[in-house]
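In case it helps, my numbering puts the sequence shown at residues 2 to 365.
Note that beta-carbon positions come from the ideal geometry of N, C-alpha and C, so glycine has one too.
Everything below concerns the one structure shown next.
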Amino acid sequence: MIRSISISDYFQQYSHGLLLDVRSPGEYEHAHIPGALSLPLFTNEERKVVGTAYKQESREKAIKIGLKYFGPKMVKMVEEVERLRAEVKGKVKVEDKVEGEQSVNDFPIVVHCWRGGMRSAGVAWLLDLYGFQVFTIKGGYKSFRHWCLQQLEASHNMRIIGGYTGSGKTELLHALAGRGEYIIDLEGLASHKGSAFGSINMPAQPSQEMFENKLAMALAAANDRTIWMEDESQRIGDVNMPFGFFKKMRSAPLYFLDIPFEERLDYIVKDYGKGDIEKLVNAIIRIQKRLGGLEAKNAIQCLLEQDIRGCFAILLRYYDKWYLKGLDQHRVDVGDRLTNLSLPNTNAAANATALMNLTAFQPA
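If you want it as C-alpha cells, here you go:
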C-alpha cells in the first residue's frame, strides 16, 4: 500500500531510506533535495511534450502520451530501484528480513516529483506493485522548498568568525567541529572561497536554489545548537545568501582573528601558490579596476616571474583594505558583540582552543 507523508515526516522517520526524485534530469540538475537520487520518469524532451499536450489539448491526452513513454521503461526502472536500494542499504547497514521468498520491506522507498502529482503517483504505483514499501511526499519538491524557506527564516544561535584574508578561518571552523562544535561551512556549500580567486581548485558552484537547499538542511540539522560560521559577504561567487538569513548573521556575535600580515601571507602562498598561473592572472584581471592598474600590472608581473609571494603581498593588502571597509559597517550591526582575538599565527588547533576558552562562559 502506498502511503503519503509530509516533508517533515520524511526527515523525522524515513530519511534513512531511499529517496527518489522522478522529475526530469534538467529539473534535478537545477536543484533537488540533498540526498535524493534521480530516477526520471521522463527525459527533458518527453516532459516538454507531455506538458505541451496538457496545456494545449487535455489532461487525458497528456496521460496517454505519458503512458506510452512510461510503459517501455517499467522493467528497467524496477531494476534500477533494486540496484539503488541495495547500494543505499549497504551504506546505512540495514539488513533485510526474509519472509518466504520475498523481503519484508523495512527499508522505505520515498518517491517525489514537483508537487506530488501524476509522475510520483505513476512510479509509486509501479514500485508498490512490484512489492516495495513505497511512500510519496505530499506536495513533492514544492513542499520541500517551502520547508527550506521556513528554516532560512527561523531564528538560530550563531557565532561568526571574522578576520582578514589568510587568517585560516575555514580550517579553524573544522577544528571547532573536531571539538564537537556545530559548524556550517558556507564556502563549502557554495563551492567557492569568496574572493576573485575563490573558484580556483573548487568544483562547479551549485545553482542559487540548490545552495539554499543545502543551507536549509544544514540549519535544520543544528537542532538548536549554537552554529559557528565564517564571516562572509552576502555574495559568495555566483550565489547569494538569502537576505533575512544574512541579516541575522550580521547581527550575531563576531570574533575577529587578528593575525600578523606575514603569517597570513605565508598561509595564502601555501594555499594558492601551486595554483594555475593562467587562472590566477585571469582573477587579477577581473579585479584590476578596484586593485588599480599599476598594482594589477605589478601583481601579474610577479606571477610571470614566479614571485608568488610578491604577487600575493600586493593582493593581500588590497583585500585587507576592502575587508576593513566592510568591517566598519559590520561594527555598526554587531555593536558591542565584536570581540578582537589576537593570535600569533594561523594554527587551527591552537586557535580553536583559544576561541573556545574565550567563549566558554559567553551566551551565544
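Check	Outcome
Could you have a look at Glu231 and say whether DSSP puts it in helix, strand or coil?	strand
Please state the DSSP three-state secondary structure of His147.	helix
Give me the Cα-Cα distance between Gly36 and Arg86, rounded to the nearest whole angstrom.	13 Å
So, with DSSP's three-state summary, where would you put Asp10?	helix
Rounded to the nearest angstrom, what separates His193 and Leu220 at their Cα positions?	19 Å
Per DSSP, which residues does Met159 bridge with? Please list them.	Ile228
Where does Asp22 land, buried or exposed, given buried means 16+ other C-beta within 10 angstroms?	buried
Would you mind working out which of Glu81, Phe108, Arg60 and Ala351 sits nearest Gln14, comparing C-alpha positions?	Phe108
Can you tell me whether Leu19 is buried or exposed, with buried defined as 16 or more other CB within 10 angstroms of its CB?	buried
For a test of the three-state rule: what should DSSP assign to Arg116, helix, strand or coil?	coil
How many Å lie between Asn352 and Thr166 at the Cα?	16 Å
Mapping DSSP to helix, strand and coil, what is His17?	coil
I need the straight-line Cα distance from Asp97 to Met159, nearest angstrom please.	At Asp97 the pLDDT is 45, less than 50, meaning the model places this residue with poor confidence; the figure from the coordinates comes in the next sentence. Near 41 Å, if we compare the C-alpha coordinates of Met159 and Asp97.
Name, in chain order, the residues that DSSP records as bridge partners for Phe257.	Gly163 and Asn341
Please check the pair Gly169 and Thr340, which I expect to be a contact at CB under 8 Å, by giving their CB distance rounded to whole angstroms.	Between Thr340 and Gly169 the Cβ distance is about 17 Å, and since that is not below 8 Å, they are no contact.
In the DSSP assignment, find the unbroken alpha helix (DSSP H) run with Thr44 in it and report its ends.	Note, Thr44: premise wrong, no alpha helix (DSSP H); not H, not E.
For Val50, which residues of its own chain have a beta-carbon under 8 Å away from its beta-carbon, when the five flanking residues on both sides are left out?	Ile66
Measuring straight from C-alpha to C-alpha, what distance separates Phe257 and Gln302?	33 Å
I need the DSSP call for Arg84, collapsed to helix, strand or coil.	helix
Using the beta-carbon count (16 or more within 10 Å), is Glu80 buried or exposed?	exposed
Work out the CA separation of Met119 and Gly101 for me, nearest whole Å.	Confidence is the limiting factor: at Gly101 the pLDDT is only 37, short of 50, which leaves the residue's position unreliable and the question unanswerable from this model.
Alpha carbon to alpha carbon, what distance is there between Trp148 and Ser5?	17 Å
Does DSSP classify Asp22 as helix, strand or coil?	strand
Measuring alpha carbon to alpha carbon, tell me which residue in Glu306, Glu213, His157 and Thr137 is nearest Phe12.	Thr137
Is there contact here, the stretch 209 to 217 with the stretch 261 to 276, by at least three beta-carbon pairs under 8 Å?	no
Kindly indicate which three-state DSSP category Phe133 falls into: helix, strand or coil?	coil
When the Cα atoms are used, what is the spatial distance from Arg182 to Ile228?	Arg is not the amino acid found at residue 182; the sequence shown has Glu there. Near 8 Å, if we compare the C-alpha coordinates of Ile228 and Glu182.
Since Asn352 is in the alpha helix (DSSP H), which residue starts that stretch and which ends it?	Ala349 to Thr360
So what's Ile34 in DSSP terms, helix, strand or just coil?	coil
To the nearest angstrom, how far is it from the Cα of Gly293 to the Cα of Ala197?	15 Å
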